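Peer 1:
Protein chains in written order, with our numbering: chain A, 109 to 370; chain B, 92 to 402.
As structure tokens, this is what we get:
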């Protein structure tokens, strides 16, 4: 049985923890700066280069994906935000106070996961739409802008935000498993930044069998409007694979948190 | 009330707590003594359900800690000083703990006042001294006004005034019928604070008795005598089934006879005495003797080294 009153207490406690440390605020500010700032820079650069691009590159030109590309970097800031919510308890020793206060440990993890995922999602929706509309102004100068009503565009903008929400849950799971700030951040960076790049170097057959199921590749499909290669999954099947990664990692963390000594 | 039955915890090959059985009764201050690495902190983590026992069980007020709901009104604990996020204020730290157990925010101000941290409550705790960290830890333990208090080395890092304050607080809470379980490496402090002592070494129970009894269990007491006719007195003591040993300063240490018996024996035989005193072993000596075989980390000099509990 789920004790809802206990869950509410856990959420209230975790909410107070998040809003009473500075790291929450600076990770959010960095996420906004990266999300909108880099989105604008990437959009402006690509819009400027359009006229000198090859025919093939013009076919792949995706003003929606460029505008939300900053979120790909903002995910690192929000991943750190999610990781710190868990690992700072281990580095400071407050984890023992927390686990003694609520011996039903799963409630604390659920409360942390709910809050960091919801905060990241809300923030990412703001960043995604903000970046989209600002960047379309830039593209409009080059007569390249797309409308939010064009096929697939709304889905891609919302999808970019959903991806960020998923990353927050994924990072919470990693942090619970690893219990160490630097270790969890390194693992997140390796899985979402380094591994996808490495996978690009693999032979084509391996990409289809392996690389497209990596979290960032599977989850990234939903942010694109224009598809030019068949190596990646379709948007929603990709997103389902991504959610399996996120929920699965959190579930492993939940199991370990309940069984390990603290 | 805390009840441990056959409590055992091993980490790989290392047995930190070995078949420990004891009961901590309400209404008294129970001291928990042992050399470094004896397993005191591990035992306390087992009581709080933070570590799972390899065998045996421990209950708090009749049920395992992990089955308690909102346990802070039942059990309050201090495990380590300064277990606080350095960027968070003492006040906010206590609010996070209070909210987790649905404790009224007013109580936060009360415990801050009680431990004397009101003036620094809104400052970031990263700059706190060890003593202030201890006071905050004690405030956290008291937050739910619990019936059972578990404190690991609460006077560590406190100044003399703070030590006196903790001593009086614990004694007062015991008179309120609360169960107080407090570990310390300061034997002299325990002699003044605790009514009952549980002594462990290498994870095993060495003694579980009143403080006075533990002192007796150790070196025990002896009669110290100085006499110009020492040799004659030794013969007399031997004849009356006592034991006498000559100390480096020339005095005699007599066991098996009371102070009165030695005095009467000397008077009856015309032996001149320059000193006749009853030497009570300190808790420190009793502790050293009891745990002599069970010291894990011995300094080259042979004394118990360092402070705090490594386990």
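Even for Gly, the Cβ is constructed at its ideal location relative to N, Cα and C.
All values derive from a computational prediction rather than experimental measurement.
For residue 102 of chain B, which three-state DSSP category applies?
Peer 2: Three-state result, residue 102 of chain B: strand.
Peer 1: Return yes when the Cβ of residue 217 of chain B is within less than 9 Å of the Cβ of residue 131 of chain A, no when it is not.
Peer 2: Going by C-beta atoms, residue 131 of chain A is not nearer than 9 Å to residue 217 of chain B.
Peer 1: Just to confirm the assignment, what range does the beta strand (DSSP E) spanning residue 366 of chain B have?
Peer 2: Per DSSP, residue 366 of chain B belongs to the beta strand (DSSP E) from 366-370.
Peer 1: Residue 346 of chain B CB to nearest chain A CB: under 9 Å?
Peer 2: Output row for residue 346 of chain B: interface = no.
Peer 1: Quick test of the definition: if touching needs 3 or more C-beta pairs under 8 Å, does the stretch 215-231 of chain B touch the stretch 267-283 of chain B?
Peer 2: The answer is no - the stretch 267-283 of chain B does not touch the stretch 215-231 of chain B, with fewer than three Cβ pairs under 8 Å.
Peer 1: Quick one: grab the DSSP three-state call for residue 297 of chain A.
Peer 2: Three-state result, residue 297 of chain A: helix.
Peer 1: Less than 9 Å between CB atoms is the rule here; does residue 393 of chain B satisfy it with respect to chain A?
Peer 2: With a pLDDT of 40 at residue 393 of chain B, under the threshold of 50, the modelled position of this residue cannot be trusted, and the question is left open.
Peer 1: Inspect the CB distances between the stretch 322-339 of chain A and the stretch 304-313 of chain A and report whether three or more fall short of 8 Å.
Peer 2: Yes, the stretch 322-339 of chain A is in contact with the stretch 304-313 of chain A.
Peer 1: So does residue 131 of chain B have its beta carbon nearer than 8 Å to some heavy atom of the ligand SAM?
Peer 2: Among the components modelled here there is no ligand, and therefore nothing to report on the ligand SAM.
Peer 1: Sort A:206, A:216, A:177 and A:188 by Cα distance to residue 112 of chain A and report the nearest one.
Peer 2: It is A:216.
Peer 1: Is residue 228 of chain B helix, strand or coil when you go by DSSP?
Peer 2: Note: residue 228 of chain B maps to helix in three-state DSSP.
Peer 1: Using CA atoms only, rank isn't needed, just tell me which of B:245, B:192, B:139 and B:180 is closest to residue 213 of chain B.
Peer 2: Answer by Cα proximity: B:180.
Peer 1: Which residues in the same chain have their Cβ closer than 8 Å to the Cβ of residue 114 of chain B, if we skip the five residues on either side of it in sequence?
Peer 2: So the list reads 92, 93, 94 and 95, once near-sequence residues are dropped.
Peer 1: Indicate the three-state DSSP secondary structure (helix, strand or coil) for residue 362 of chain B in the structure shown.
Peer 2: The answer is coil: DSSP assigns residue 362 of chain B none of H, G, I, E or B.
Peer 1: For the stretch 268-288 of chain B, list every residue whose C-beta sits within 8 Å of some C-beta in chain A, in sequence order.
Peer 2: Flagged: no residues at all.
Peer 1: Check residue 219 of chain B in the structure and name its three-state DSSP category.
Peer 2: Of the three classes helix, strand and coil, the one that applies to residue 219 of chain B here is coil, per DSSP.
Peer 1: For residue 110 of chain A, does the three-state DSSP call read helix, strand or coil?
Peer 2: Coil, per DSSP.
Peer 1: Which residues bound the alpha helix (DSSP H) around residue 329 of chain B?
Peer 2: 321-330 is the span of the alpha helix (DSSP H), which, as asked, contains residue 329 of chain B.
Peer 1: Interface residues of chain A around residue 365 of chain B at Cβ under 9 Å?
Peer 2: What residue 365 of chain B touches in chain A: nothing, since even the nearest Cβ is about 57 Å away.
Peer 1: Can you confirm whether residue 130 of chain A, when its beta carbon is compared against all beta carbons of chain B, has any partner nearer than 9 Å?
Peer 2: It does: the Cβ of residue 130 of chain A has a partner Cβ on chain B nearer than 9 Å.
Peer 1: When you compare the CB of residue 194 of chain A with every CB in chain B, is at least one pair closer than 9 Å?
Peer 2: It does not: the Cβ of residue 194 of chain A has no partner Cβ on chain B nearer than 9 Å.
Peer 1: Determine, using beta carbons only, whether residue 204 of chain A comes closer than 9 Å to chain B.
Peer 2: Yes - at least one Cβ of chain B is within 9 Å of the one on residue 204 of chain A.
Peer 1: For residue 304 of chain B, tell me which candidate among B:381, B:158 and B:230 has the shortest Cα-Cα distance.
Peer 2: Answer by Cα proximity: B:381.
Peer 1: Quick check on the DSSP output: what are the complete alpha helix (DSSP H) runs of length 4 or more inside the stretch 193-227 of chain A, in order along the chain?
Peer 2: If we require 4 residues or more, the alpha helix (DSSP H) runs fully inside the stretch 193-227 of chain A come out as 202-209.
Peer 1: When the Cα atoms are used, what is the spatial distance from residue 147 of chain B to residue 274 of chain A?
Peer 2: Spanning the two alpha carbons is a distance of roughly 42 Å.
Peer 1: So, helix, strand or coil for residue 174 of chain B, using DSSP?
Peer 2: Three-state DSSP puts residue 174 of chain B in coil, outside helix and strand.
Peer 1: In this structure, how does DSSP classify residue 164 of chain A when only helix, strand and coil are distinguished?
Peer 2: Residue 164 of chain A: helix per DSSP, three-state reduction.
Peer 1: Use the C-beta contact count for residue 367 of chain A: other C-beta atoms within 10 angstroms, 16 or more gives buried, fewer gives exposed.
Peer 2: Exposed.
Peer 1: Suppose you measure from the CA of residue 226 of chain A to the CA of residue 191 of chain A; what does that come to, to the nearest Å?
Peer 2: Between residue 226 of chain A and residue 191 of chain A, the C-alpha separation is close to 14 Å.
Peer 1: Extract the residue ranges of the beta strand (DSSP E) inside the stretch 243-276 of chain A, only unbroken runs of 3 or more that lie entirely within it.
Peer 2: Counting only runs of 3 or more, we get nothing.
Peer 1: Could you tell me how far apart the beta carbons of residue 223 of chain A and residue 296 of chain A are, in whole angstroms, since I believe they sit closer than 8 Å?
Peer 2: That belief does not hold up - the Cβ atoms of residue 223 of chain A and residue 296 of chain A are roughly 18 Å apart, past 8 Å.
Peer 1: If residue 240 of chain A and residue 175 of chain A are in contact, beta carbons under 8 Å, what's the gap, nearest whole angstrom?
Peer 2: Right, the Cβ-Cβ distance comes to about 5 Å (below 8 Å), so this counts as a contact.
Peer 1: Starting from residue 343 of chain B and walking both ways along the beta strand (DSSP E), at which residues does that stretch end?
Peer 2: Element bounds for residue 343 of chain B: 343-346.
Peer 1: Express the C-alpha separation of residue 166 of chain A and residue 287 of chain A in angstroms, rounding to a whole number.
Peer 2: Those two C-alpha atoms are separated by around 45 Å.
Peer 1: Can you look up residue 212 of chain B in the DSSP assignment and give me helix, strand or coil?
Peer 2: Residue state, collapsed to three classes: coil.
Peer 1: For residue 278 of chain B, count the other beta carbons within 10 Å of its own beta carbon; 16 or more makes it buried, fewer makes it exposed. Which is it?
Peer 2: It is buried - the Cβ of residue 278 of chain B has at least 16 other Cβ atoms within 10 Å.
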